[in-house]
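Student: Below you'll find the structure I mean.
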Amino acid sequence: MSEKRIAEHPILGEYQKGELVHFTFDGKDVTGFEGESIAAALKAAGVMVHRYTAKEHKPRGIFCAIGRCTDCVMIVNGEPNVRTCITPLVEGMVVETQYGVETKEAWEASHNEKT
Amino acid sequence: MKRHELIVIGAGPAGLSAAIEAKKSGMDVIVFDENSRPGGQLFKQIHKFFGSKEHHAKERGFKIGESLLAEAEELGVKVELNATVMGIYENKEVTVKMNGEVDHFKADKIIIATGAAENMIPFKGWNIPGVIGAGAAQAMMNLQGVKPGSKILMVGSGNVGLVVSFQLLQAGCEVAAVIDAAPRVGGYGVHAAKVARTGVPFYLSHTVIEAKGTDHVSGAVIAEVDSHFQPIPGTEKELDVDTICIAVGLSPMSQLASNAKCDMALIPQKGGNVALLSEYGETNIKGIYCAGDVAGIEEASSAMIQGRSVASHVCYSLGYITEEEFNTKYDSYQEALGKLRMGMFAPANKGRNDFTVTDEGYPISKNLLAKGYMTEEELENFPAYNYKKAGVHPIIECTQNIPCNPCQDACPKKCIKVGENITMLPQIDEEQGCIGCGLCVASCSGQAIFLMDETSDPDGVLISFPYEFLPLPEVGDKGTALSRSGAPVCEAVITDVKKTKVMDKTAVVTMRVPHEFKNSARFYKPV
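If you read the sequences in order, they're chains A and B.
Position in the first sequence (first residue = 1) + 8 = the numbering used here.
Position in the second sequence (first residue = 1) + 145 = the numbering used here.
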């Protein structure tokens, strides 16, 4: 288990977790627990950057973790702007870093066109 | 358009309590919440609450949330989740976004219980990954079981900053420092003291000026501020942290009240822009009410009572209860609220910094406000700290008038007295005999009660203290006794560890230290 996960908590004991599932993050195979937030699984896997802003290409990650701030949005199963902090993880999900509102490839393609 | 007698917006402590109260009277009520789970922020709260029994004192927040949900379920309260209320219009028409579609509802009465949002402060790099809200830290560690970071700077010393700092320590994270731009610790002294004794330094009159790093936080620059809260050049300090946690207050999420065209006002004591309310919680628009943090920032304990109180007025005005029943309910809820709203941390006293003595006339600790812990000299002003007798007895380091009395109920021998006014400091009744059960130690939500026994062990003095960390020490373990500031004091040997169901995860650990350290050793670090 990732050292970023709390193995046993003095008050909460052991966390109730779903099945261990596989998903991909930018094409890499990552594991997490079914039903936990996508953001939690990524955090446990050491991922900090969820997206880059459209205009200034600044990195953003988890900020509020309750679905309000939209800093943690990513492309999930092809759909952009998914709030990963409140979206439950499901086996086989395809999670991608979001560039503006696109995938890296799409962003780079449109970025290269402009320049 | 669907009709309901009462629409409650928000399924947090205030909203759920209001819905429960209304449903009990037989009213047709529906609750909308934009989240996928009910309970608001209660399920992130793993500390023991303050107040008295009627306020669920000494119960942990998530346990209170569980009972609230069970009560709502049992009554059949209808809660629509993932349902975002978008607006409140004329004649109490409400638009709700559910499953990607907008639905229209109409109600006779509306209770807005949307809670609060976290405040933020901008600084260089404040939006790079690794700068998070305190609520985010709680969500990650307490709901998801993932550490928010390994080394954390806490910005803000209010109760949220202090409570979350302690929870970070419990989750196995390191807290590099607690800082606050104010010159005084903002939250309860007891919350600060339990963080300080683990060795976390407090920097008051300090602010964060930069988050270092490009793709994630690799450090934090803090600096001292002058009396106008401006950073003083040359006082910068860089802390080695990977996470900066922001806990600089909450603001009422009152947009819906404002959108409904209720009369609003910016009231600093209430934390921001709020609807002006009658004594029953009704806005100037008849039939629209506010309850909980949206009406003014307080604690979940008061939000739950407010919810019930406001709903009782709704029940009365729709004819579900008689005037007499309403008056009885209203008076009892106001009495319960009044008890929580007394003392130096009362909402009416928000922002005040001119307290020099407690209600009892004891001088308030300056060191507690400046560094998060008390000096021995300051503690000597308090009788419940100075109490001495042969054999085991409590030492109480509770020195601010906060609304709390579980210690009084916990003692089977009735050694500890708080009295009717629950913000008074606990006193030790010398006529009663302490049996050393440790229940007062475990019951104290502020972890401010210790047991001392100077006479029973020939090899030293026995000090018992609350312990909520893992691994739990075992009898015979040797380690280091720490002072109130977390500084190593001497070697300590663990002589007893009590952990019973009624103590609810707060272990009472006893260590033996040499006599000369009896007034300084207050915590323990395993070797």
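A virtual CB, placed ideally from N, CA and C, is assigned to each residue, including glycine.
Remember, predicted model here, so these are calculated numbers, not experimental data.
#1: Can you give me the Cβ contacts of ASN664(B) inside the same chain, cut-off strictly under 7 Å, excluding the 5 residues immediately before and after it?
#2: Any C-beta of chain A within less than 7 Å: which residues of the stretch 599 to 619 of chain B qualify?
#3: Quickly, what does DSSP pair VAL366(B) with across the bridge? List them, please.
#4: Taking only runs that begin and end inside the stretch 512 to 600 of chain B, name each unbroken beta strand (DSSP E) of 3 or more residues, in chain order.
#5: On a CA-only basis, which of ALA281(B), LEU411(B) and GLU381(B) is nearest LYS51(A)? Give me that one, please.
#6: Between ALA202(B) and the ligand NAP, is the CB less than 7 Å from at least one heavy atom?
#7: Near ILE547(B), which residues of its chain fall below 7 Å by C-beta distance, leaving aside the five closest residues on each side in sequence?
#8: When the Cα atoms are used, what is the spatial distance from LYS415(B) to PRO492(B)?
#9: Below 6 Å CB to CB, which residues in the same chain sit around PHE177(B) once its five sequence neighbours on both sides are set aside?
#10: Tell me the DSSP secondary structure of ILE430(B) in three-state form.
#11: Please confirm whether VAL291(B) has its beta-carbon closer than 8 Å to some beta-carbon of chain A.
#12: Specify whether the stretch 104 to 114 of chain A and the stretch 201 to 221 of chain B touch according to this definition: at least 3 beta carbon pairs, one from each stretch, less than 8 Å apart.
#13: Since THR229(B) sits in a beta bridge, which residues does DSSP pair it with?
#14: How far does the alpha helix (DSSP H) with PHE311(B) in it reach, from first residue to last?
#15: Mind listing the chain B neighbours of LYS63(A)? Cutoff is C-beta to C-beta under 7 Å, in chain order.
#16: Is the beta carbon of PHE614(B) closer than 8 Å to that of PRO18(A)?
#17: Please name the residue, chosen from GLU575(B), LEU627(B) and ALA637(B), that lies closest to VAL620(B) on a Cα-to-Cα basis.
#18: Output needed for ALA163(B): all residues of its chain with C-beta closer than 7 Å, excluding positions within five of it in sequence on either side, in chain order.
#19: What residues are listed by DSSP as bridge partners for VAL654(B)?
#20: Could you tell me which whole beta strand (DSSP E) segments of length 3 or greater appear in the stretch 148 to 235 of chain B?
#21: Could you give the residue range of the alpha helix (DSSP H) that holds ILE266(B)?
#22: Who are the Cβ neighbours of THR380(B) in its own chain at under 7 Å, not counting the five residues just before and after it?
#23: List the endpoints of the continuous beta strand (DSSP E) containing ILE450(B).
#24: Could you check the C-alpha separation between HIS458(B) and THR467(B) for me, to the nearest Å?
#25: Examine chain B for any beta-carbon lying closer than 8 Å to the beta-carbon of MET9(A), and answer yes or no.
#26: If you measure from the beta carbon of ASN304(B) to each beta carbon in chain A, is any gap under 8 Å?
#27: Would you call the stretch 334 to 353 of chain B and the stretch 300 to 310 of chain B touching, i.e. three or more CB-CB distances under 8 Å?
#28: Taking the alpha helix (DSSP H) that VAL98(A) falls in, what are its first and last residues?
#29: I need the straight-line Cα distance from ALA652(B) to MET82(A), nearest angstrom please.
#30: So with CB distances below 9 Å, who are the chain B contacts of GLY75(A)?
#31: Look at the Cβ atom of ASP641(B), then the Cβ atom of THR625(B), and state whether they are nearer than 8 Å.
#32: Please state whether the Cβ-Cβ distance between MET449(B) and HIS538(B) is less than 8 Å.
#33: Below 8 Å, can you find three or more Cβ-Cβ pairs linking the stretch 386 to 395 of chain B to the stretch 289 to 305 of chain B?
#34: Would you kindly work out how many angstroms separate the C-alpha atoms of THR352(B) and VAL330(B), rounded to a whole number?
#35: Going by Cα to Cα distance, which pick from ALA316(B), LEU187(B) and HIS149(B) is closest to GLU16(A)?
#36: Under 6 Å Cβ to Cβ from LEU161(B), same chain only, skipping five residues before and after it: list those, please.
Tutor: Let's see:
#1: Here residue 664(B) is taken as the residue at index 519 of the second sequence, counted from 1. Counting only residues of its own chain and dropping the five nearest sequence neighbours on each side, ASN664(B) has a CB closer than 7 Å to the CB of GLU521.
#2: Against chain A - using a Cβ distance shorter than 7 Å - the residues of the stretch 599 to 619 of chain B are GLU613, PHE614 and LEU615.
#3: As a working mapping, residue 366(B) is identified with position 221 in the second sequence. Note: VAL366(B) sits in a beta bridge opposite GLU355(B) and GLU383(B).
#4: Listed in chain order, the beta strand (DSSP E) runs fully inside the stretch 512 to 600 of chain B are 537 to 541 and 594 to 598, counting runs of at least 3 residues.
#5: The residue labelled residue 51(A) in the question sits at position 43 within the first sequence. Taking only the C-alpha atoms, the option nearest LYS51(A) is ALA281(B).
#6: Ligands displayed in this structure: none; no statement on the ligand NAP is therefore possible.
#7: Locating residue 547(B) in the second sequence gives position 402, where the first residue counts as 1. Contacts found: PHE195, TYR333, GLY488, PHE490 and THR568.
#8: Stepping through the second sequence from its first residue, residue 415(B) is reached at position 270. Stepping through the second sequence from its first residue, residue 492(B) is reached at position 347. Their backbone Cα atoms lie some 7 Å apart in a straight line.
#9: Working through the second sequence from its first residue, we reach residue 177(B) at position 32. Within the same chain, PHE177(B) has close Cβ partners ILE154, GLU225, ALA228, VAL230 and VAL241.
#10: As a working note, residue 430(B) is residue 285 in the second sequence. If DSSP states are grouped into helix, strand and coil, ILE430(B) belongs with coil.
#11: Within the second sequence, numbered from 1, the residue matching residue 291(B) stands at position 146. Yes, because at least one Cβ of chain A sits closer than 8 Å to the Cβ of VAL291(B).
#12: Cβ pair count under 8 Å is below three, so no.
#13: On the second sequence, position 84 is the one that residue 229(B) refers to. DSSP lists LYS242(B) as partners of THR229(B).
#14: Taking the second sequence and counting its residues from 1, one reaches residue 311(B) at position 166. Segment 304 to 315, the alpha helix (DSSP H) holding PHE311(B).
#15: What you label residue 63(A) is simply residue 55 of the first sequence in a count that begins at 1. Residues of chain B passing the Cβ test: none, with the nearest at roughly 13 Å.
#16: Walking along the first sequence from the start, residue 18(A) turns up at place 10. Walking along the second sequence from the start, residue 614(B) turns up at place 469. For PRO18(A) and PHE614(B), yes; Cβs fall inside 8 Å.
#17: Reading the second sequence from its first residue, position 475 is the one you call residue 620(B). Comparing C-alpha distances from VAL620(B) to each of GLU575(B), LEU627(B) and ALA637(B) shows the shortest one belongs to ALA637(B).
#18: In the second sequence, the residue the question calls residue 163(B) occupies position 18. Here the set comprises VAL153, ILE256, ALA258, ALA436, GLY452, ARG453, VAL455 and ALA456.
#19: Working through the second sequence from its first residue, we reach residue 654(B) at position 509. BP columns for VAL654(B) point to PHE610(B) and VAL642(B).
#20: Runs of the beta strand (DSSP E) inside the stretch 148 to 235 of chain B: 174 to 177, 223 to 225 and 228 to 234.
#21: As a working mapping, residue 266(B) is identified with position 121 in the second sequence. Unbroken run through ILE266(B): none, as it is neither H nor E.
#22: If you number the second sequence from 1, residue 380(B) lands on position 235. Only ALA368 and GLU369 meet the Cβ criterion.
#23: As a position in the second sequence, residue 450(B) is number 305, starting the count at 1. Boundaries for ILE450(B): no beta strand (DSSP E) harbours it, while the alpha helix (DSSP H) harbouring it runs 445 to 462, taken from the DSSP string.
#24: Sequence index remark: in the second sequence, residue 458(B) carries index 313 (1-based). Sequence index remark: in the second sequence, residue 467(B) carries index 322 (1-based). CA-to-CA, the gap between HIS458(B) and THR467(B) works out to about 10 Å.
#25: Numbered from its first residue, the first sequence carries residue 9(A) at position 1. Chain B, which has no Cβ nearer than 8 Å to the Cβ of MET9(A), makes this no.
#26: Counting from 1 along the second sequence, the entry for residue 304(B) is found at position 159. Using a CB distance cut-off of 8 Å, ASN304(B) does not count as an interface residue toward chain A.
#27: Short answer: they touch.
#28: Counting from 1 along the first sequence, the entry for residue 98(A) is found at position 90. Taken as a continuous stretch (DSSP letters only), VAL98(A) belongs to no alpha helix (DSSP H), as it is neither H nor E.
#29: Taking the second sequence and counting its residues from 1, one reaches residue 652(B) at position 507. Taking the first sequence and counting its residues from 1, one reaches residue 82(A) at position 74. Going by the C-alpha atoms only, they are around 42 Å apart.
#30: Within the first sequence, numbered from 1, the residue matching residue 75(A) stands at position 67. GLU179, ASN180 and SER181, listed in chain order.
#31: As a first step, residue 641(B) is located in the second sequence; it is residue number 496 there, counting from the start. As a first step, residue 625(B) is located in the second sequence; it is residue number 480 there, counting from the start. No, Cβ-Cβ distance for ASP641(B) and THR625(B) is not below 8 Å.
#32: Within the second sequence, numbered from 1, the residue matching residue 449(B) stands at position 304. Within the second sequence, numbered from 1, the residue matching residue 538(B) stands at position 393. Not a contact, by the Cβ cut-off of 8 Å.
#33: Cβ pair count under 8 Å is three or more, so yes.
#34: Here residue 352(B) is taken as the residue at index 207 of the second sequence, counted from 1. Here residue 330(B) is taken as the residue at index 185 of the second sequence, counted from 1. If you take the alpha carbons of THR352(B) and VAL330(B), they lie about 13 Å apart.
#35: Translated into positions along the first sequence, residue 16(A) becomes position 8. Checked all of ALA316(B), LEU187(B) and HIS149(B); the closest Cα to GLU16(A) is ALA316(B).
#36: Here residue 161(B) refers to the residue found at position 16 of the second sequence. Cβ within range, chain order: LEU213 and ALA217.
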